Structure formats: structure tokens, C-alpha cells
Amino acid sequence: MPSWSNFQPFIPIGLAAGGVYALSGVGMVVLYRATGVLNLAFGAIGAMGALIAWSMINTWHVPAGIAYVACILFGGVATLLYGMVFGRLLAARDPLVKAAATLGLALLMLGVMNRLWPAQVTRSITLPTDNTAFTFGDASVDWTQVIAVGFGVVMTVGTAIFLRVTKIGTAMRALADDREITATLGVPVRRVEAAAWFGSGLLAGAAGLLLADLVTLASDGLTFIVIFTLSAALIARLRSLTVTFVAAMVIGLVDNLITPINSITNFRDMTPFVLAIAALLFFSRERQYSFARGGIR
Amino acid sequence: MRKHFGWRVRIPVAMLVVAVGLTIAATGFSKTSGAHAVKAAGLACGLGTGQKATGTPIKIGAIAVKQAGTDFTDIPNMANAYFQCVNDNGGIYGHPIVQDLLTDQTDPGALAADAKQLIETDHVVGIAGSSDIIDCAVNSAYYKKMHFNVLEAGIAEQCYSSPAEAPVNMGPRYSADGATQTAIALHAKKIAFDQSNVPGTQYNLGGSKLIAKAAHVPIQFLTEDAANINGETAAEKEVQAAGPGGAVVLVFTPPVALQILQGAQHLGLENKVIWTCATPCNTDFLATALGSAWNHKLYVNAEMNLISQDNGPNSVLYQKVLKLYGSNVAGGIGSFSQFGFLLGQLAVKGLLSIKSKVYTPQTVNAAFKALKNFKTDFLCKPWYFGPLPNNTDFTVYPQDGKMVLVPKSGCLPISTVDPLVKQVRAYEKAHHV
Chain A
33 MPSWSNFQPF IPIGLAAGGV YALSGVGMVV LYRATGVLNL AFGAIGAMGA LIAWSMINTW
93 HVPAGIAYVA CILFGGVATL LYGMVFGRLL AARDPLVKAA ATLGLALLML GVMNRLWPAQ
153 VTRSITLPTD NTAFTFGDAS VDWTQVIAVG FGVVMTVGTA IFLRVTKIGT AMRALADDRE
213 ITATLGVPVR RVEAAAWFGS GLLAGAAGLL LADLVTLASD GLTFIVIFTL SAALIARLRS
273 LTVTFVAAMV IGLVDNLITP INSITNFRDM TPFVLAIAAL LFFSRERQYS FARGGIR
Chain H
17 MRKHFGWRVR IPVAMLVVAV GLTIAATGFS KTSGAHAVKA AGLACGLGTG QKATGTPIKI
77 GAIAVKQAGT DFTDIPNMAN AYFQCVNDNG GIYGHPIVQD LLTDQTDPGA LAADAKQLIE
137 TDHVVGIAGS SDIIDCAVNS AYYKKMHFNV LEAGIAEQCY SSPAEAPVNM GPRYSADGAT
197 QTAIALHAKK IAFDQSNVPG TQYNLGGSKL IAKAAHVPIQ FLTEDAANIN GETAAEKEVQ
257 AAGPGGAVVL VFTPPVALQI LQGAQHLGLE NKVIWTCATP CNTDFLATAL GSAWNHKLYV
317 NAEMNLISQD NGPNSVLYQK VLKLYGSNVA GGIGSFSQFG FLLGQLAVKG LLSIKSKVYT
377 PQTVNAAFKA LKNFKTDFLC KPWYFGPLPN NTDFTVYPQD GKMVLVPKSG CLPISTVDPL
437 VKQVRAYEKA HHV
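Top line first, the protein sequences correspond to chains A and H.
Its first residue numbered 33, the first sequence is counted upward by one per residue in our numbering.
Its first residue numbered 17, the second sequence is counted upward by one per residue in our numbering.
Following this line, the structure appears as C-alpha cells:
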């Protein structure tokens with residue numbers, strides 16, 4: 033069994049990954065609650081934003097700061113466009129159909145990315161915060177990792193406050209409870225949904241940028257990182273932002289902390305599945321889980 | 017009645033068009049514009065006549081892996097770039113070469129069908145330019161049965177043991193041997209050997225295991241899911257496995273190796289161990305992305321020469337062909353495209369050697385089998401059709417964004433501790449090749 037000093041370096045890596053999964057998970061849960069859509073294209077949208085930023089920096093020689101903003105905005109605009117066009121067309125369909133449609137978007141975007149940014153080319157995004165690090169115990173911690181964790185915390189708390197105190201946030205919560213009654217009460221449903229699509233997309237873009245730096249700038253890798261996010265959201269039963277955050281951090285930490293254990297390190301990829309299944313089995317002891325928008329019944 | 021769309025439809029559609037346009041523009045499509053406008057006359061490709069070949073095409077097949085985390089299509093694409101140059105320079109006595117490329121996702125059933133399709137349905141006359149993780153394992157016996165002698169960039173064990181296969185490269189095993197030898201030469205106390213968890217991992221590490229054992233250096237073997245890798249996690253794991261004074265041997269494609277090395281840099285691990293890598297790391301893309309922080313800190317076993325430091329005729333021609341015809345060679349200058357270029361040259365040399373000028377599977381494969389004494393500045397020694405003709409290579413490291421030869425490193429003979437290398441050296445000595 034590795035010693036404590038072997039585990040220490042993996043703590044900041046796991047926390048940073050967990051922070052970004054939390055950021056993504058919050059965006060996924062908010063969108064689901066406001067629109068009933070489980071966005072499986074979350075990772076693909078972030079991936080394409082990050083690749084566009086890479087091209088802007090390396091092909092157009094645009095200042096990196098502008099490219100990073102473009103990455104985040106791309107996430108918002110692309111998600112909003114999908115929501116305005118397909119979100120409306122699929123509004124009355126079953127949640128499973130809506131989720132499958134976003135999977136279609138993810139695969140389409142993956143194909144486009146593989147065509148425009150072939151995998152053979154070596155690409156990377158390096159944020160300025162990578163170059164400054166400090167030591168904590170036996171672990172080296174860089175400021176991108178700190179930002180990832182901090183961003184996850186801030187967005188979780190900020191979104192929770194936003195949903196509770198703002199008019200549009202209240203409208204989103206009302207939509208989550210009952211779309212028809214909310215519309216009858218005069219709430220501009222489409223505008224509220226558009227805000228949810230756009231806000232969720234901005235988080236996808238931000239997560240894509242951070243993951244491109246922390247994990248990989250590869251279309252496949254970033255697209256399927258949605259599995260970690262989805263697991264956190266499912267553990268939170270697509271309802272609680274706090275549980276999403278905690279689940280994301282646990283997934284990030286566990287995935288990394290088992291790395292130095294030679295006997296199980298090759299099974300690390302199973303972490304999100306195992307944790308999600310364990311959580312769902314635990315929750316289903318008394319109540320039956322449903323994929324329908326109402327969450328638990 | 018004509019339907020008019022309102023602003024609710026027009027605006028999103030307009031935004032979509034703008035977004036798609038920006039995406040396409042941002043990817044730099046302009047890089048290929050005008051490339052083919054430049055004529056190839058005067059290039060020493062094949063006959064070098066400057067006349068376009070218009071005769072009956074000669075169909076040459078190839079199979080390459082193309083999947084998440086592993087894409088070797090640059091190799092056949094570069095072979096095809098050379099074929100295009102040959103076609104613009106007289107072809108094979110007036111016959112243009114047409115490449116028939118199939119891609120694989122490590123699916124044995126589909127791969128067996130691919131080989132049959134090439135030979136029995138598409139009726140290719142030869143196979144040159146292939147590079148696939150399991151092609152040799154799945155199809156070597158079939159190629160032998162059909163009397164096809166394949167020119168390829170090998171990966172699997174069977175590429176280096178079948179009489180029907182001749183690789184231009186060493187493949188991951190023998191290149192990793194070279195990286196392990198370098199780590200030992202640099203006095204590593206322990207070695208952590210890390211590679212993708214794709215089929216063939218046990219074969220890849222076999223030589224390094226023997227070499228480390230012979231040198232009394234402990235070695236630990238690790239694997240990663242290349243399609244889903246966290247560079248920082250992998251780097252920390254490797255450094256812990258290597259321990260103080262140890263070395264890490266990386267056997268990955270350039271994008272994955274870059275993720276690990278950048279992860280190591282984020283965590284300040286570049287000075288903690290000796291970093292070595294097999295051939296794929298020999299690319300300026302990697303050196304540029306790593307920057308000066310990695311100057312002289314990553315020793316790369318390079319199966320091909322260093323183009324940036326070599327003005328030899330083959331290196332010059334390779335760069336010109338890549339520029340004029342290699343628009344779909346995504347990785348640009350690097351070992352993979354060098355493999356492809358050399359495979360193209362060998363295929364053309366074989367085809368041009370057929371005195372009857374009749375191009376059938378029988379004549380073409382006999383010509384491929386007879387290839388020998390092919391001198392090129394890409395390799396330390398002349399190439400011949402055999403199981404491991406390339407067994408002596410170079411060592412490079414990054415310096416200010418470029419790969420450079422390690423001073424005084426010369427040509428590194430891969431250790432004869434690895435049994436096949438010992439056999440091959442004995443064969444070369446006996447046959448004077």
C-alpha cells in the first residue's frame with residue numbers, strides 16, 4: 033500500500049478535476065431543471081470552444097485572453113442556438129428523447145471536430161496560471177488548479193443564490209416544478225429557458241477551457257468527460273446543486289487517489305460508473321428512481 | 017402559398033451560419049490553398065520526368081488505424097503524397113499509382129475483411145504504407161497465403177516475425193528498447209515504463225524488460241487509457257513509480273505524450289526523473305509545445321533522422337513533397353510522415369524495378385521482396401526486405417522548441433539482449449546487408 037506522501041500529490045489534481053466536474057454538473061442540473069433537457073453534448077460544446085480558442089491563438093494569432101473569452105462565449109451561443117431551434121421542437125417530447133437528441137449533437141460535433149482538428153496534431157492550451165505553483169505538504173499546486181476548485185465553489189454557491197433571490201432564478205425553479213402552471217401565471221417561459229440554455233452553455237465553455245488545460249485538448253477526451261459530470265448530476269438525482277458539487281469533488285478525488293494503488297489503478301476509469309451506480313442503488317432502497325423530469329417519485 | 021419565416025427563425029439560423037463560418041475560418045482552412053497550384057516538375061520523384069502519368073492505374077492498398085487516441089493515417093497519407101509526386105513525374109512508366117486506403121478501429125473481424133477486400137475485391141497489386149495495431153497479428157498468415165509481401169510501418173509482434181512483412185520502422189518494442197537503453201546509459205536507478213492499454217502491451221515491454229534485467233536495473237510497467245488520460249495524474253504516477261534517480265520511458269503518440277509531459281511541467285516534475293520517450297515524441301510540434309522548460313530533459317529514441325539538421329537529398333525531397341502534396345498529413349514533419357515517405361519510395365523503387373512492365377500481384381510482390389540496399393539519409397543503415405532492417409537509430413532531445421540530435425550520440429544500435437535483434441544482426445552479418 034502506498035504511503036501518505038504517495039497520495040498527497042494526487043489530492044490537488046483530484047480536487048481540480050472535481051471542481052471542473054462540479055462546474056459542469058451545476059450547468060447540467062440547472063438546464064435540466066429549467067428545460068427538462070439532460071445535455072449530453074456538454075463536453076463536446078466545451079471541446080469545440082477550446083479547439084476554436086486554440087486555432088484563434090495559433091492560426092490567427094489572436095491574443096490569448098480574447099480567445100479564452102471566445103471559447104466561453106462559443107459555449108453559450110452554441111448551446112443557446114441548439115435550445116432555440118431544437119429545444120423548442122422537442123419541448124413536448126419525453127426526456128429520454130430530449131437527451132438522445134443532445135447525444136446526436138455531441139456525435140455530430142465530434143465528427144466535425146475530428147474533421148477540422150485531426151487527432152494526429154499535437155495541441156495544447158496553457159493558461160498563464162500554470163506557471164506559478166506553490167508546495168503544500170508533498171504536493172505541488174498550481175494556480176490553475178486553485179482556480180478550478182474556486183470556480184466550482186463560486187459557481188455552485190452563486191447559482192444557488194441566483195436561483196433563490198433573482199426573478200429569473202425563481203422562474204427557473206418554478207419551471208422545474210411545473211412548466212404549464214408557470215406559463216399560465218404569465219412567466220415568459222421561452223425567455224427563461226433561453227437564459228438557462230445560454231448560462232449552461234457559458235459553463236460548458238468555461239469547463240472546456242479549464243479541462244483543455246488541466247486534462248487534455250483532444251476532442252474525444254473532452255467530449256466523453258461528460259461521463260464524470262453526468263455521474264455527479266445523477267448522484268444528485270438531477271436536483272441538488274450542493275450534492276452535485278460534493279459528488280463531483282468525490283469523483284475527482286477518488287479517481288485520482290486510487291492511482292498510486294497498483295492493484296486497482298488500471299480500473300480507475302470505472303470510478304464515475306461505480307460511484308453513480310452505488311449512489312443510485314442506495315437511493316433506490318426506499319424510493320424508485322425515474323428518468324422523468326420530476327426526478328424522484 | 018409561399019411561407020415567410022419570422023425573426024424567431026431567421027436570427028438563430030443567421031447566428032448558426034456565422035458560428036459555422038467562424039469555426040471553419042478559425043481552423044485555418046487556408047493552409048492548403050494554392051498548394052497544388054505549384055507544379056512538381058523537377059522533383060526527383062520516381063522517373064522525375066515532369067510529365068503527368070495517364071496510363072492504366074496501378075492500385076496499391078494500405079490499412080491504418082484511426083480511432084480515439086490512436087491515428088496513424090499520416091503514414092499512408094504521406095506515402096500517397098509521394099505517389100502523387102511520382103504520378104506528376106511520369107508515374108511508373110506512364111502508369112499512375114492509385115492508393116486504396118482502409119481505416120481500422122482495432123476490430124479484428126473488420127480488419128480481416130479489409131485485407132480480403134483489398135486483395136480479392138479491390139484487386140490491389142501490392143500493399144504498401146500500412147500501419148495498424150493489429151493488422152500483422154490478424155492478417156500476416158493471409159498475406160503469406162496470398163503471396164503478398166507487405167511494406168509497412170509495423171507495430172505488432174507479427175510484423176517483425178512474418179516472412180510476408182517488412183517494416184521501415186522498429187515499432188514500439190524496439191524503439192522503447194532504445195529509450196530504455198538511453199535511460200540506463202544515463203544511470204537510471206529504476207525505470208517506470210508507461211504505454212497505452214491497447215493490444216500488444218506485453219510484446220512492447222518485452223525487450224525493455226530483458227535489457228533492464230541484464231543491466232540490473234528494476235523496471236515497473238504501467239498502462240494508461242490514452243483516450244481518457246489526465247496528464248498530471250499520469251505524470252505523477254510515473255514519477256512515483258520511477259522514484260528518486262529513476263527514469264520514465266513513455267511509449268505514446270505525440271498528443272498523449274504531450275499531455276503527460278505538460279502535466280509533469282504543471283507539477284514541477286521535469287527535473288525529478290530522467291524522461292525518455294519512444295520514436296513518436298520525435299516531432300517539432302511536441303518540442304514547440306513544451307518550450308524551453310524541457311531543453312535537454314527529454315531523450316527521444318528516433319528511428320528516423322532529424323530533418324531539421326539534415327540537408328541530405330532524401331530529407332530535402334521529403335520536405336518538398338510534404339509541402340506540395342501532403343495537405344492531409346496532419347502531423348507535418350515527424351517520424352510518422354517520414355515512415356510514410358520511405359514506404360512510398362520503396363514501393364516505387366519496387367515497381368520501377370519490374371523489367372516486364374507488367375504490374376500484377378505476382379510481379380509487384382516479387383519486386384517488393386527483392387528490395388535491398390536502399391540507401392537513404394533517413395536511416396543509419398541501408399534498408400532491405402526483412403523482419404527488422406531498421407535496428408540502429410538516433411537519439412534526440414528538445415532545445416528551444418525544436419528537436420536536436422543529442423551531441424556525440426551517433427547511431428545507437430538496439431541491444432542484442434532482445435532476441436530478434438540478435439538474430440537479425442547475425443543474418444545481416446551472414447548476408448552482408
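Every residue gets a Cβ at the ideal spot worked out from N, C-alpha and C, and that includes glycine.
None of these values were measured; they are calculated from a predicted model.
Following the continuous beta strand (DSSP E) through methionine 60(A), name the residue where it begins and the one where it ends. DSSP places methionine 60(A) in no beta strand (DSSP E) but in the uninterrupted alpha helix (DSSP H) bounded by 42 to 67.
Could you give the first and the last residue of the continuous beta strand (DSSP E) run that contains alanine 165(A)? If you look at alanine 165(A), you'll find it in the beta strand (DSSP E) that goes 165 to 168.
Any idea what DSSP makes of tryptophan 291(H), helix, strand or coil? The answer is strand: DSSP assigns tryptophan 291(H) an E or B state.
How close, in whole Å, do the beta carbons of isoleucine 77(A) and alanine 110(A) come, if the pair is a contact with beta carbons under 8 Å? With a Cβ gap of about 5 Å, isoleucine 77(A) and alanine 110(A) count as contacting.
Residues of the segment 245 to 279 of chain H with Cβ closer than 9 Å to any Cβ of chain A, in chain order: Identification of residues in the segment 245 to 279 of chain H having a C-beta nearer than 9 Å to some C-beta of chain A yields Ile245, Asn246, Gly247, Glu248, Thr249, Ala250, Glu252, Lys253, Val255, Gln256, Ala257, Thr269, Pro270, Pro271, Val272, Ala273, Leu274, Gln275, Gln278, Gly279, given in sequence order.
When Cβ atoms are compared, which residues of the segment 114 to 146 of chain H fall closer than 8 Å to chain A? For chain A, none of the residues of the segment 114 to 146 of chain H brings a beta carbon within less than 8 Å of one of its beta carbons.
Please compile the residues from chain A whose C-beta is within a distance smaller than 8 Å of the C-beta of threonine 239(H). What threonine 239(H) touches in chain A: Asn298.
According to DSSP, simplified to helix, strand and coil, what is lysine 391(H)? If DSSP states are grouped into helix, strand and coil, lysine 391(H) belongs with coil.
Using a Cβ distance threshold of 8 Å, determine whether the segment 48 to 61 of chain A contacts the segment 113 to 121 of chain A, with at least three qualifying pairs required. No contact exists between the segment 48 to 61 of chain A and the segment 113 to 121 of chain A.
Are three or more beta carbon pairs between the segment 114 to 130 of chain H and the segment 87 to 94 of chain H nearer than 8 Å? Three or more pairs of CB atoms, one per stretch, sit closer than 8 Å, so the segment 114 to 130 of chain H contacts the segment 87 to 94 of chain H.
Please check if any C-beta of chain H sits within less than 8 Å of the C-beta of threonine 170(A). According to the sequence displayed, residue 170(A) carries aspartate and not threonine. Not an interface residue.
What number of angstroms, rounded off, separates the C-alpha of tyrosine 315(H) from the C-alpha of alanine 195(H)? Just so you know, the alpha carbons of tyrosine 315(H) and alanine 195(H) end up roughly 7 Å apart.
Counting only Cβ pairs nearer than 9 Å, list the residues of chain A close to threonine 411(H). Here the premise fails: no neighbours, minimum Cβ distance about 20 Å.
Does the separation of the CB atoms of tyrosine 109(H) and lysine 373(H) fall below 8 Å? Contact: yes.
What are the residues that DSSP puts in a beta bridge with tryptophan 310(H)? BP columns for tryptophan 310(H) are empty, so no partner.
Taking the continuous beta strand (DSSP E) assigned at glutamine 439(H), which residues delimit it? Counting along the chain, glutamine 439(H) falls outside any beta strand (DSSP E), though it belongs to the alpha helix (DSSP H) covering 435 to 447.
Any C-beta of chain A within less than 8 Å: which residues of the segment 291 to 323 of chain H qualify? So the list reads Thr299, Phe301, Leu302, Ala305, given in the order they occur along the chain.
So, under 8 Å CB-CB, aspartate 148(H) and aspartate 120(H) are touching, yes? Tell me the CB distance rounded to an integer number of Å. About 5 Å separates the Cβ atoms of aspartate 148(H) and aspartate 120(H), confirming a contact at the 8 Å cut-off.
Write down the C-beta distance between proline 292(A) and phenylalanine 39(A) rounded to the nearest angstrom, noting that I regard them as a contact closer than 8 Å. Taking 8 Å as the upper bound for CB-CB distance, proline 292(A) and phenylalanine 39(A) are in contact here, some 6 Å apart.
Who are the near neighbours of alanine 309(H) in its chain, counting only those whose CB is closer than 7 Å to its CB and skipping five residues on each side? Taking alanine 309(H) as the centre and dropping the five residues before and after it, the same chain places the C-beta of Gln281, Glu286 closer than 7 Å to its C-beta, in chain order.
Nearest CA to the CA of aspartate 326(H): which residue from Met419(H), Val272(H), Lys388(H)? Of the listed residues, the one whose Cα sits closest to aspartate 326(H) is Met419(H).
Does the Cβ-Cβ distance between asparagine 185(H) and alanine 169(H) come in under 8 Å? It is a contact, given that the beta carbons lie within the stated cut-off.
State the start and end residues of the unbroken beta strand (DSSP E) segment that holds threonine 239(H). According to the DSSP assignment, threonine 239(H) belongs to the beta strand (DSSP E) that extends over 235 to 240.
Take asparagine 165(H) and list the residues in its own chain whose beta-carbon comes closer than 6 Å to its own, dropping the five residues that flank it on each side. Excluding five sequence positions before and after asparagine 165(H), the CB atoms of its chain that fall closer than 6 Å to its own CB belong to Ala180, Asn381, Phe384, Lys385, given in chain order.
So which of His163(H), Leu127(H), Ala144(H) has the shortest CA-CA distance to alanine 153(H)? Residue nearest to alanine 153(H) within the set His163(H), Leu127(H), Ala144(H) is Leu127(H) (criterion: CA-CA distance).
Beta carbon of isoleucine 245(H), beta carbon of glutamine 278(H): below 8 Å? Their beta carbons are not under 8 Å apart, which means isoleucine 245(H) does not touch glutamine 278(H) by this criterion.
Tell me which same chain residues have a C-beta within less than 6 Å of the C-beta of glycine 71(H), skipping the five on either side of it? By the criterion of a C-beta distance shorter than 6 Å, glycine 71(H) is surrounded in its chain by Gly110, His111, once the five residues flanking it on both sides are discounted.
I need the boundaries of the beta strand (DSSP E) containing alanine 182(H), first residue and last residue. It spans 181 to 183 - the beta strand (DSSP E) in which alanine 182(H) sits, taken as one unbroken run.
Straight-line Cα distance separating alanine 69(H) from valine 102(H): Valine 102(H) and alanine 69(H) have their C-alpha atoms roughly 8 Å apart.
Measuring CB to CB, does arginine 271(A) end up less than 8 Å from phenylalanine 315(A)? No; because the gap between Cβ atoms is not below 8 Å, this pair is not in contact.
Does DSSP put tyrosine 334(H) in a helix, a strand or coil? For tyrosine 334(H), the three-state secondary structure derived from DSSP is helix.
Could you spell out the range, first to last residue, of the alpha helix (DSSP H) harbouring phenylalanine 39(A)? It spans 36 to 39 - the alpha helix (DSSP H) in which phenylalanine 39(A) sits, taken as one unbroken run.
Could you give the residue range of the alpha helix (DSSP H) that holds glutamate 225(A)? Looking at the DSSP string, the run of the alpha helix (DSSP H) that includes glutamate 225(A) is 221 to 246.
So, alanine 171(A) versus proline 34(A), is the Cβ gap smaller than 8 Å? No, they are not a contact pair.
So, do the segment 258 to 268 of chain H and the segment 289 to 302 of chain H have three or more beta carbon pairs nearer to each other than 8 Å? Using a C-beta cut-off of 8 Å, the segment 258 to 268 of chain H makes contact with the segment 289 to 302 of chain H, since at least three inter-stretch Cβ pairs fall below that distance.
Alpha carbon of methionine 116(A) to alpha carbon of leucine 55(A), nearest angstrom: Roughly 23 Å between the two C-alpha positions.
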